[in-house]
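*Asks:*
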Amino acid sequence: MQILYLISLIGIILFSVLAILFKDLLKAALSLMGASVFLAVVFFMLKAPYAGVFEISVVAGLITVLFVSTIGLTRGDANGGESRLSGIIFPLFFIWFVIIDILIMYALLNQYPATTSANPESGTFGQAFWQKRTFDLIGQIGIIFAGVFSVLALFRKKDKDV
Amino acid sequence: MVVLFIFIPFILAAILPLIEKVSKRFLPDLLTNAGILFLLVYTMTFGYKLVATNTGIRQLEWFAQPLNITFALDGFSLFMLFAIYLLSFGVTLFSIDYMEHYGSKGIFYALFMIMVGGMSGLVLATDLFTIYVFLEVSAISSYGLVAYGLKHDELEASFKYLMLSAVATAFLLLGIGLIFGITGSLKLGDIADKFSAHDLKFVIGICTGFFIFGFGLKAALVPFHSWLPDAHPSAPAPISAMLSGLLIKVSGVYALTRIFLNVFGLTPALSTILMYLGIVSILVGAIIALGQTDFKRMLAYSSISQVGYIILGFGAGTPLAIMGALFHILNHALAKGLLFLNSGSVEHATGTRELDKMGGLAKKMPITAATTVVGSLSVAGVPPLNGFWSKLLIIIGLLQAKAYGFAFIAVLASIITLWYYIIIQRRAFFGKLKDTLKDVKEVPFWMALSTVLIALVCIIIGVSFWVFIAKWITPAANILEMGAKYARIFLRI
Amino acid sequence: MNPANLLIPIILPVIVAIIAILIPRSIKGLREFLAIIGGAILIYVAWLLFDYKNLNYSSQWLDWLNFDLRLYNFSAFSLLWINIFGFLISLYSYIKMKDHPRVAEYYCYIYLTIAFANGAILADNFMVLLFFWEGLLLTLYALITLGNTANTQATATKAFIINGLCDFSMILGIGILWKITGTPSLSEIAHNPVRPEGLALLSFIMIMIGALGKGGSMPFHTWIPDAAIDAPVSVMAFLPGALEKLLGIFLLTRVSVEWFAIKGTPASIILMIIGSITIVFAVLMALIQKDYKKLLSFHAISQYGYMVLGIGTALPIGIIGGIFHMLNNAIYKSGLFMVAGAVEHRTGTTEMKRLGGLKEDMPITALCYLILAAAISGIWPLNGFVSKELVIHGAYETGFVIFAIAGWVGAIFTFVSFLKAGHSIFLGPRNKEIPKVKEAESPFIIPMVVLAVICIIFGVYNYLPFKYFFEPILEMQHEVGVHHDFSGHALDLVNPVAGVSLFMLLIGLTIHLYGWNKAEKKASMASEVIHRLPILSTLYDWSEARFFDLYEQGIKFLKGLAHILYVAIDRPIDYFYEKTVTITGNTFTKILQYAHNGHYANYLAWCIAGLVLIVYVLLSLVK
Amino acid sequence: MNIETITILAVFVPIIGSLTIPVAGLISKSFRSVWSVLLGLATALFPLLLIPFALSGNSHIFGRSLIMGMDFYLIVDGLSVFMSIVSSFIGMLIVLYSIGYVSHDENQSEYYLMVLLFIGSMMGLVYSANLIFMYLFWEITAICSWRLVGFYRDKIHILRADKTFLVTFGGAVFMLFGFIQIYGYTNSFNVFDMRGTLIPGSAVLLILIGMFAKSATVPIQTWLPDAGVAPSTVTALLHAAVLVKIGVYAYARIFNYTFAMPQAWQVAIPILAVISSIVAAGAATVENDLKRILAYSTVSQIGYIFLGLSVMEPTAITGAILYLLMHGLAKAGLFLCAGIIEHNTHTKDIRQLGGLIKTMPITAVAFLISAFSVIGIPPLGGFFSKFMVILGTVKSGNLWLAAVALFTAVMTAFYLFRVFNMVFLGEAKVTAKEGTNSMLFVVVVLAILSVLAGIFIAYPMKLAQIATTQILRIGL
Amino acid sequence: MYNLMNDWYLNLAFSALLIFIGLYCLLSMRNLIKLLIAVEVIAKGITLALIATSNARGFILTGQSLVITFIVIEVSVVAVALAIIINLYRHTGSLDVKKLTKLKG
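Protein chains in written order, with the working numbering: chain A, 599 to 760; chain B, 5 to 497; chain C, 1200 to 1822; chain D, 369 to 844; chain E, 3 to 107.
As structure tokens, this is what we get:
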């Protein structure tokens, strides 16, 4: 179980790295999808199934579709010009940051031991989502409106030439 | 019905694109203006009465059943609402004529309304995550609005804006997550309680850093400002006015202030950081504005500088500085909004934003020229206009906080501010009319009306400042002065 | 007598002046008539006042200062003479100025001058004194501008600036004196004169400069020779010839005797030095002049040196000599100027080499000249002899013989130069260019003759002026019991001083004859001998180049100073605002603009760097 | 009408009236001119009504408290009445003169608006008893001068206008900073609350920067000659009568009336004033532009006024207050004469002018009289003020300063005569005719007033003395 | 027993790594779509941190609610961003961020 968890985490990282290193945008988008799937797995293991479902359906699904269609629309031919250097020196930076990351986390662990909360949340997800976060839902409506209208505005036909 | 502040914009936004199919211009114009005007009046009457009678938090009731939506309608948020609707009304009036040639007024107004609704929600939110959500609401609509012209400049600006603010909000959310992890709650009141109870300096430090990054980018503090001079000039003039006038203040300054002053409490360290950020913003914004040749870009840099003043005032944390900063929020919103609208008028009339191609426009566009003078002098802090009083209060506050150096630089920067504003005057309005501009006309009625109204408000606030301070600023300042205690006592639900 | 009568000598001329300028040009003669009548009334009033002698007038003026006038011996004397001069000049102007294009202004200014002079004489506090005293500047300037040569304006400006400088110096001196004594009242100060030491000495020198400048002592004289050419002759006769000398001596006497007790102090020596230098240098300058009017004007300076010398002695004899000399000088100098005017009126020139042999055509003028020139040269028994002897006597008595010697040297060259002038104008052959002329008209002649007669009277019957004018004045000297009657030994020839003086006159005659012969019998070139003397010639060259002209040098200095101030202070400041600030601002702007290069990665890098920095600072501040 | 009503009217009639001028301009041109002159007359009238009160030696402070010490209080005393009479009266004359002067130019509505607003805010500044409101009116005058200097709208004019505005604004914000610093100690901006407070040297410095900038004193003087590109009416208003006096008035009100200064500053300020005076006189001697010379002359005379006020000696202060009047009259006369010359010959370079006395005799005489007054020759008014300043300086023991100041007076005589000789005398180089009647009327009135002010010196002197007494709270 | 899944710091470390990867890409890559992918990677890091935090503290229900809202936001942002990118591509025919430097100074 824990091994699987660790593999999932490493999988996220791996696919993310691939997503940014692939020259081919399509492959990159698909790698991102892979990372999303692994992230969803992690969510499931962390007892967050609803989030996991959303992650798979929306992020791995919808967003990937958006990416792919965009890549199609732009014919994906603009991948040239990417400097090779950034791909080559990436490992150096990556390893450097991994070390720093471990050091920081270790230091934090020593300084502020992670303690679980004494009174974990009770109730169902529905209660938590619909009743406690009602205001966020209104916000979500706004977000969706904003996104939709923005896309509409960006793809509108202009009445007149400016 | 506090919820109307959010619902009216959202509902209008939902129906406007549909109405556009019926009536292309008249109904969207009417509905938007009426809606905003109603909200403005509602704020000034109902909202003011509500706040005057009892401070603090309201809960939305739904068929006599308490629902889990709480609003922090106190003096501070009411003041922000007032500012939002006041300027929005001017902007919508202006848009009636100005947005004609952009097309799709319905969608424009819808996005506009969502932005207004998002800002209202942000101001009313009592929950850290809700603040974030509404911040994103107004941000996403602003991405669309910045790119509304669909030309290269607009798209480029919007893209950079989006990509930078996506990173910033990511960090913001990370900070929120950390705080959630530590305190186990997202309610401002709870967080303030926990923060005062525990020795969590280290984490607070990191979270503060993230918040400063997140909100600071929204507020365009140096060094997080780089998107602003691209995005604000590129947007259509009414949107530039909204962005510079309101969005950076609501999603940046308001959120920052609410969280740092009322939740975290203004520690000396935080105060120092904010003041340094403020002063650097003031200087960088002012100095770089000097070299601009693009009317709106200069105004945009000026916004950076002026937000610096506000942050400097809040950072100083003395009562007068806070009052000054609050007052400056409104004054700068009005004046900068006015200036951006006028830049739109000039662009509308001459077809250019380059100052070098203008000259002597005062002869052909007297109203625009006169209102621009009012706006410029107000931002530069020349009495008797409103901007003077707020800057004065900020500087008094700074001196009371014994921050002499800061106050001195702030004073110096106001000279630079005047410098670049008179550069605008010199190149665009004041001077001999250029031959190429012989057939320029004054702007249409609604645009002129809107600018004149805002200019009048600037002057009226300027000459009756004490009334305004007593009525609007003092209640807001009282809340901020209470510091973290306020959140602990009043934001508990 | 009603004290308010003291206002008459001030107000009446003002009224005359106003009427004179208002009378339309078309009514001929009325203005001149009015002026003469006004002058006569003024003399009458002044005579009455002179008779009355002691009068104080005070009226509410400023809250802290009244308009105080005071009449006493000395001021009564001065008042009388000013108005006499004024009357004479209006008489003289009747012909001389009749056709002048700006004759209305002329009378206006003349009478304003009289008003101011009367006011200054009568003033009894500093404010009133300065008010009138400085007012004279205005009329001086205005009167000189009435000339019509090309340089008139420059000369007027020069006169104004030099006198202004002296007057401002006097203001400062008065300020100091006011501070020292604590009172602006002149009579109060006169009760208790200040000893000129330290600050008071400074104050004395400052006021003294004012008095010397007014009289035209060296080195404040340089406008006078210029004005002699550029201003109308009547103005010259009136102002530097008479009125300003009178005022200058009046003030100098009051300063030295009433306000300060300078006897035996360095202040006295300073005055005597200035007097001596003025005597010698001015007379040397006068000697070589080619123009008669210019020659006269240098003598006006030189004679003033005697007066200063006399007053500088601070001895009764010297003071009396100085005042008497002032009076005499006014008489004979006005007369000599009138001679010049008469000659100029007929021949159209006063250049000596173009004139000659006029004694046949203008005998009365020539006679008058003879008497007046004899008087100024100090020929026994004319008035000039009397006063000059008194001055030199006074100088001799102070123990500094050198000052007496200066007086004698002055006497030599005075005589030489008047010999030369008279010789070249009235004797010798006629110049062909000058047609035969007639004797001058009676309005020219009468004043000249009157003045010449007065010269004789004051010389021979010198007890008259002594008794009526000078002895009362000396009463202000507080040393009771000092012998005040000098009329006895005034014409005394048997004393060393008079002997030396007579000897000097002989030397003068010799020099002239020698020079005349040397210059091949050309009288106008007789002074060339002196001119060519080794050291003197250099000095003359320098002064030709206006090396000694305080004004020219001062203006150079002033222009230089102005230029330095402008270039070294004003322009750099402007440069600072115009350029330094702008360039600094632009440089910073350019740097920042360069940084905003539009690259997304750049902007993001700033953000992240900012974040890291803020977190680092926060964490370090928190700990 | 009681004192309060008159004062309020004196301040607000021109301010509110000025805003009606564009409306009047829409009706007709001549109506606008008449309306402006009427407003000017009304403004000049109200302070005159206060003379009896001021002569009674009382002072009256009234107003209402607003918030945080920014209270609206007006003070009526000798100083304010004196200053307001000078400003409003000369302002009125300038409005009258403008009718002829700007009649052919554009933007007349804005011109009259700004001039009257200027005069009105000057009234406000003079009567303000609160530092913040003083600053407020101070800046309104700066705005007006900015628009007025750039009246002709040429590029160079606009640049100069901007310089004027920036420098004066810059100085003023430093002054404001000083005010705030003082507020930090006293918690008040009301001058009557703070009388006699000893303020720190840094505050003195900051406030002085503002005053020097406004009054164009070295080292912040160069905007004033540069602002000479403005219409002569404006330069007369700015340079002579009103604007540059603001700093001086503020000095009297703030440093003499209200606060006590550290000893070092009491020594330093007279020196600064004298330096300013002589430097500007030097510059005036070197310049060739008629209006620049006059502007430098103003700087020089302002130095005198500062000298008089700063030596803290009753005579000198009275002299300095009188100087405000005398210099206002005389310098306004000079500038307006220069205006006639410029208007009719279209040049300001004195080297290109000459012999104008033949064609413009009235202007020449008026110019000369005003020049004499500036130099300080009796019986003109300038003599008394200059003399009293010098006298007071000597009495206070600053002998050398008095000497330098007098030397400056000689320089003044020199450069003014230089101007007079080159412009009015010599051979005629340009043809020109005499100015219009309204213009001539004003310069003649100013010249006559200079003379009358000298002859009837007792009347202004009385008011000035009362002002001095009130300032120093002593008898003279 | 020690549970990896409950180790807050471990999860945070991984989330930090994701953020780092995203930032690295944002700073060094040039393709606009790649940059957007990088933003997505960062968003993944944030969601991971949120879920991990709420899991470690026992607030997983609220945490999920937040994440779901966040995902909605993410989608909106990505949609708008892609729309902008498409429009930009139409204007410039390129997806190179280094060519987007028209606005500067």
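Positions of the beta carbon are idealized from the N, C-alpha and C atoms, including for glycine.
Whole angstroms is fine: what's the gap from Gly843/D's alpha carbon to Arg528/D's?
*Replies:* Looking up residue 843/D in the fourth sequence gives position 475. Looking up residue 528/D in the fourth sequence gives position 160. Only weak support is given to the placement of Gly843/D: the predicted model assigns it a pLDDT of 44, under 50, and the value that follows is read from those uncertain coordinates. Their Cα atoms are separated by approximately 45 angstroms.
*Asks:* Per the contact definition of three or more C-beta pairs closer than 8 angstroms, is the region 654 to 661 of chain D in contact with the region 581 to 596 of chain D?
*Replies:* In short, these stretches touch, since the Cβ pair count reaches three.
*Asks:* If you measure beta-carbon to beta-carbon, which residues of the region 40 to 52 of chain E are closer than 7 angstroms to chain B?
*Replies:* Taking 7 angstroms as the Cβ-Cβ cut-off against chain B, the residues of the region 40 to 52 of chain E that qualify are Val41, Ile44, Ala45, Ile48, Ala51 and Leu52.
*Asks:* Are the C-beta atoms of Leu102/E and some chain A residue less than 9 angstroms apart?
*Replies:* The residue labelled residue 102/E in the question sits at position 100 within the fifth sequence. Cβ-Cβ to chain A under 9 angstroms: no for Leu102/E.
*Asks:* Rounded to a whole number of angstroms, what is the C-alpha to C-alpha distance between Ile19/B and Val746/A?
*Replies:* Locating residue 19/B in the second sequence gives position 15, where the first residue counts as 1. Locating residue 746/A in the first sequence gives position 148, where the first residue counts as 1. One C-alpha to the other measures close to 13 angstroms.
*Asks:* Tell me, to the nearest whole angstrom, how far the beta carbon of Ala54/E is from that of Leu25/E; I am working on the premise that it is less than 8 angstroms.
*Replies:* To locate residue 54/E, count along the fifth sequence from 1; it is residue 52. To locate residue 25/E, count along the fifth sequence from 1; it is residue 23. Wrong, their Cβ atoms sit about 19 angstroms apart, outside the cutoff.
*Asks:* Would you say Ala1/B reaches chain C, if we count a Cβ-Cβ gap shorter than 9 angstroms as a contact?
*Replies:* Residue coverage of chain B in this structure runs from 5 to 497, which leaves residue 1/B outside it and unanswerable.
*Asks:* Using the Cα positions of Phe412/B and Thr565/D, report the straight-line distance between them to the nearest angstrom.
*Replies:* Along the second sequence, one-based indexing puts residue 412/B at 408. Along the fourth sequence, one-based indexing puts residue 565/D at 197. For Phe412/B and Thr565/D, the distance between alpha carbons rounds to 23 angstroms.
*Asks:* Would you identify the three-state DSSP class for Leu1527/C, choosing helix, strand or coil?
*Replies:* Against the third sequence, residue 1527/C aligns to sequence position 328. For the record, residue 1527/C in the displayed sequence is Asn; it is not Leu. Helix.
*Asks:* Under 8 angstroms Cβ-Cβ, which residues of chain A neighbour Tyr102/B?
*Replies:* Working through the second sequence from its first residue, we reach residue 102/B at position 98. Simply none; closest approach about 12 angstroms.
*Asks:* Please state if the CB of Trp1332/C and the CB of Leu1279/C are separated by a distance shorter than 9 angstroms.
*Replies:* Start at 1 with the first residue of the third sequence, and residue 1279/C comes out as number 80. Start at 1 with the first residue of the third sequence, and residue 1332/C comes out as number 133. Cβ distance not < 9 angstroms, so Leu1279/C and Trp1332/C don't count as in contact.
*Asks:* Strictly below 7 angstroms CB to CB, what residues from chain D border Trp423/B?
*Replies:* In the second sequence, the residue the question calls residue 423/B occupies position 419. Under the 7 angstroms cutoff, chain D gives Leu534.
*Asks:* So for Trp1260/C, helix, strand or coil by DSSP?
*Replies:* Here residue 1260/C is taken as the residue at index 61 of the third sequence, counted from 1. Trp1260/C falls in the strand class under three-state DSSP.
*Asks:* Which class does Ala58/E belong to by DSSP, given the choice of helix, strand or coil?
*Replies:* Here residue 58/E corresponds to residue number 56 of the fifth sequence, with the count starting at 1. DSSP places Ala58/E in helix when its eight states are reduced to three.
*Asks:* Determine the DSSP secondary structure at Lys53/B, reduced to helix, strand or coil.
*Replies:* On the second sequence, residue 53/B is found 49 positions in, with the first residue counted as 1. Here Lys53/B sits in helix by DSSP.
*Asks:* For the region 1756 to 1766 of chain C and the region 1653 to 1669 of chain C, state whether three or more C-beta atom pairs, one from each stretch, are separated by less than 8 angstroms.
*Replies:* No, they do not touch.
*Asks:* Decide if Glu795/D is buried, meaning its Cβ has at least 16 other Cβ atoms within 10 Å, or exposed.
*Replies:* Translated into the one-based positions of the fourth sequence, residue 795/D becomes position 427. Glu795/D is exposed by the Cβ-count criterion.
*Asks:* Give the DSSP-derived three-state secondary structure of Glu1824/C in the structure shown.
*Replies:* In the structure displayed, chain C extends from 1200 to 1822; residue 1824/C sits before or after that span and is not available.
*Asks:* Spell out whether any CB of chain E is found under 9 angstroms from the CB atom of Gly1784/C.
*Replies:* As a first step, residue 1784/C is located in the third sequence; it is residue number 585 there, counting from the start. Gly1784/C does not count as touching chain E.
*Asks:* Helix, strand or coil: how does DSSP classify Phe228/B here?
*Replies:* Numbered from its first residue, the second sequence carries residue 228/B at position 224. If DSSP states are grouped into helix, strand and coil, Phe228/B belongs with coil.
*Asks:* Check whether chain C comes within 9 angstroms of Lys659/D, counting only Cβ atoms and requiring the distance to be less than that.
*Replies:* Your numbering for residue 659/D matches position 291 in the fourth sequence. It does not; no Cβ of chain C falls within 9 angstroms.
*Asks:* Whole angstroms are fine: how far does the CA of Phe1702/C sit from the CA of Gly1577/C?
*Replies:* For the purposes of this step, residue 1577/C is identified with residue 378 of the third sequence, where counting begins at 1. For the purposes of this step, residue 1702/C is identified with residue 503 of the third sequence, where counting begins at 1. Answer to the nearest angstrom: the Cα atoms are 12 angstroms apart.
*Asks:* Could you name the residues of the region 364 to 391 of chain B whose beta carbon sits closer than 7 angstroms to any beta carbon of chain D, in the order they occur along the chain?
*Replies:* If the cut-off is 7 angstroms between Cβ atoms, the region 364 to 391 of chain B has Gly364, Leu381, Val386, Pro387 and Pro388 near chain D.
*Asks:* I'd like the list of long-range same chain contacts for Ala688/D, defined as Cβ closer than 7 angstroms, with 5 residues on each side in sequence excluded.
*Replies:* On the fourth sequence, residue 688/D is found 320 positions in, with the first residue counted as 1. Ile673, Gly676, Leu677 and Val757.
*Asks:* Just to make sure I have the definition right: I need the residues of chain D whose C-beta is within less than 8 angstroms of the C-beta of Trp1377/C. Which are they?
*Replies:* Position 178 of the third sequence, counting from 1, holds the residue named residue 1377/C. What Trp1377/C touches in chain D: Leu759, Val762 and Lys763.
*Asks:* From Tyr553/D to Arg400/D, what does the alpha carbon distance come to, in whole angstroms?
*Replies:* Residue numbering aside, residue 553/D sits at position 185 when the fourth sequence is read from its first letter. Residue numbering aside, residue 400/D sits at position 32 when the fourth sequence is read from its first letter. Answer to the nearest angstrom: the Cα atoms are 48 angstroms apart.
*Asks:* Please list, in chain order, the chain C residues whose beta carbon lies closer than 7 angstroms to that of Ile243/B.
*Replies:* As a position in the second sequence, residue 243/B is number 239, starting the count at 1. Ordered by position in chain C, no residue passes the 7 angstroms Cβ test against Ile243/B, which lies about 21 angstroms from the chain.
*Asks:* Tell me which residues share the same chain as Ser306/B and place their Cβ nearer than 6 angstroms to its Cβ, disregarding the 5 neighbours each side in the sequence.
*Replies:* Translated into the one-based positions of the second sequence, residue 306/B becomes position 302. So the list reads Ala293, once near-sequence residues are dropped.
*Asks:* Following a CB-centred definition, is Leu690/D positioned closer than 8 angstroms to any heavy atom of the ligand MN?
*Replies:* The ligand MN is not part of the structure shown, which contains no ligands of any sort.
*Asks:* With 7 angstroms as the C-beta to C-beta threshold (strictly closer), list the residues of the region 501 to 522 of chain D near chain B in chain order.
*Replies:* Residues Tyr503, Leu504, Glu507, Ile508, Ile511, Gly518, Arg521 and Asp522.
*Asks:* Comparing C-alpha positions only, which one of Phe1276/C, Leu1268/C and Tyr1310/C sits nearest to Gly1285/C?
*Replies:* Your numbering for residue 1285/C matches position 86 in the third sequence. Among Phe1276/C, Leu1268/C and Tyr1310/C, the Cα nearest to that of Gly1285/C is on Tyr1310/C.
*Asks:* Do you know whose CA, among Lys489/B, Asn482/B, Ala488/B and Ile493/B, lies nearest Ala56/B's CA?
*Replies:* Residue mapping note: residue 56/B aligns to position 52 of the second sequence, counting from 1. For Ala56/B, the nearest C-alpha among the options comes from Asn482/B.
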